[in-house]
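J.: Take a look at the following structure, please.
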Amino acid sequence: MSAKIELAALLEVVAQSAERGSPPLPDVAEVYLRQAQGDARLTGFAYDILGHAHQHFSEHRTAQAAFRNAIASFKQAGELRSATQSWILLGTSHLLNGEPLLALDSWADAL
């Protein structure tokens, strides 16, 4: 199995755990991000994981930046479904940060 396929499988498992409320620590998520560089799709997943990691510690602005980077990476990779999911995550982050109008904007962009 190639390193890229192994990384993709790992990121898929970590992303699922992150979505369920068990993200890795931000430092670990940064390692995944470095490993994913050069592949827009994998970079998008790594940014989503990083966003969850920061969100878990209520570091909303940092999480929002990660989700925005995930959106850009997924768009670059042509992964519109994944970009849409990242827009939803961005909206949720805004809502958790007490920014309901920005949350609505993000969710509208997901449509």
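In our numbering, the protein residues as written are 5 to 115. No residue lacks a Cβ here, since even glycine has one placed at the ideal position from N, Cα and C.
Distance check for ALA13 and SER69, CA to CA, integer angstroms please.
T.: A small correction: the amino acid at residue 69 is Ala; Ser does not occupy that position in the sequence shown. So the alpha carbons of these two residues sit roughly 24 Å apart.
J.: What does a CB cutoff of less than 7 Å around ARG72 pick up in its chain, not counting 5 residues either side in sequence?
T.: Excluding sequence neighbours, ARG72 sits near LEU94.
J.: Using only the alpha-carbon positions, how far apart do SER62 and TRP111 sit?
T.: For SER62 and TRP111, the distance between alpha carbons rounds to 20 Å.
J.: On a CA-only basis, which of GLN89, GLN59, SER90 is nearest ASN101? Give me that one, please.
T.: Considering only alpha carbons, the answer is GLN59.
J.: Counting C-beta neighbours from all protein chains within 10 Å, is the total for VAL18 16 or more, i.e. buried, or is it exposed?
T.: Buried.
J.: Could you give the distance in angstroms between the alpha-carbon of SER86 and the alpha-carbon of GLU23?
T.: Between SER86 and GLU23, the C-alpha separation is close to 13 Å.
J.: Span of the alpha helix (DSSP H) holding SER192?
T.: The question about residue 192 has no answer here: the residues shown for the chain are numbered 5 through 115.
J.: Going residue by residue through the region 9-64, where are the continuous alpha helix (DSSP H) segments of at least 4 residues, counting only ones entirely within it?
T.: Fully enclosed alpha helix (DSSP H) runs of 4 or longer: 30-40, 44-60.
J.: Express the C-alpha separation of PRO30 and GLU10 in angstroms, rounding to a whole number.
T.: The straight-line gap from Cα to Cα measures roughly 21 Å.
J.: Thinking C-beta only, is ALA33 closer than 7 Å to ALA81?
T.: Cβ distance not < 7 Å, so ALA81 and ALA33 don't count as in contact.
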